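First up is the structure itself, then whatever we jot down about it.
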Amino acid sequence: VTDGDLADDDEIETMAATVRAAAGLEEDAVCGNSIRAAERLGCLVLPMSQELGKHLGMSMRVDGTPIICASRPSNDSDHRVPGDRQRFTIAHEIGHLALHGNIPAPRDAAEAARIERQAHQFAGAFLAPGDVMIEELKDLGGRVTLKTLSEIKRRWGISIKALVMRFQVLGVIDQDQARLL
């Protein structure tokens with residue numbers, strides 16, 4: 684657990700790799716079940732009975748025990764949470780516990796936005812390690828297209844939107860291409 688004072692994005696990437704290893708995931712292994720990964724890390728994962736506004740998950744420590752609450756996947760059109768979204772939510776909450784577990788609540792909206800961005804980046808790195816994603820992309824022709832993204836999604840179980848953001852963070856595509864995708 685860090686104190687939340689991360690100097691740069693590389694520290695988040697390194698922390699995600701460290702946490703993946705602690706969860707028993709090889710560098711090039713797909714995280715097929717993020718709930719099991721969280722449990723291997725010592726987290727208690729509980730279902731949420733309903734979402735908290737736009738939030739599909741939350742995390743906290745209770746008497747030192749890391750707890751993650753997350754919406755369940757559902758095919759109910761009024762309560763649809765796809766599996767890839769739940770997987771990302773769990774990884775995002777693992778990120779909060781690892782990166783921000785020792786810091787107080789954010790003081791303002793700017794700090795809250797920074798903390799959320801860091802947890803998003805952590806989730807992307809946890810589910811889609813950078814070097815491995817670059818290799819996957821090379822094996823599929825080297826261009827980020829909807830076709831290559833759907834191939835990577837099929838293997839890694841990550842939403843196309845999350846993959847677009849991941850390739851943007853990795854510097855493979857710019858903001859304009861990300862927006863087009």
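Everything in the sequence shown is counted per our numbering, starting at 684 for the first residue and increasing by one.
For every residue, glycine included, the Cβ atom is placed at its ideal position computed from N, Cα and C.
This structure is a prediction, so every number in the text was calculated from the model and none was measured.
Considering T828, what are the terminal residues of the beta strand (DSSP E) in which it resides?
First-last for T828: undefined, no H or E at that position.
Local Cβ density within 10 Å of R703, reported as buried at 16 or more and exposed below that
Burial call: buried.
Express the C-alpha separation of I750 and S833 in angstroms, rounding to a whole number.
Going by the C-alpha atoms only, they are around 32 Å apart.
For I670, which of helix, strand or coil comes out of DSSP?
Nothing can be reported for residue 670, as the shown portion of the chain is limited to 684 through 864.
Could you give the C-beta distance for A753 and L739, rounded to a whole number, given that I count them as a contact under 8 Å?
Right, the Cβ-Cβ distance comes to about 6 Å (below 8 Å), so this counts as a contact.
Assigned secondary structure, G784 (DSSP; H/G/I helix, E/B strand, else coil):
Taken through DSSP and simplified to helix, strand or coil, G784 comes out as coil.
Take every Cβ of the segment 780–800, pair it with every Cβ of the segment 815–824, and state whether three or more of those distances are shorter than 8 Å.
With the cut-off at 8 Å, the segment 780–800 and the segment 815–824 do not touch.
C-alpha distance - L866 paired with D746, whole-angstrom precision
The chain is shown from 684 up to 864; residue 866 falls before or after that span and cannot be answered.
With a cut-off of 8 Å on the beta carbons, I'd call G807 and V852 a contact; round off their distance for me.
With a Cβ gap of about 6 Å, G807 and V852 count as contacting.
Mind checking whether I835 and E818 have CB atoms under 7 Å apart?
With a cutoff of 7 Å on beta-carbon distance, I835 and E818 are scored as not near each other.
Inter-residue spacing [alpha-carbon to alpha-carbon] between R768 and A699:
Within the model, the alpha-carbon separation for R768 versus A699 is close to 18 Å.
Using beta-carbon positions only, say whether S742 and E696 come within less than 7 Å of one another.
Inclusion of S742 and E696 in the CB contact set at 7 Å is not warranted, their separation being larger than that value.
Pairwise C-alpha distance: I843 and L863:
Rounded to whole angstroms, L863 to I843 spans 12 Å at the Cα level.
Would you identify the three-state DSSP class for M741, choosing helix, strand or coil?
Here M741 sits in strand by DSSP.
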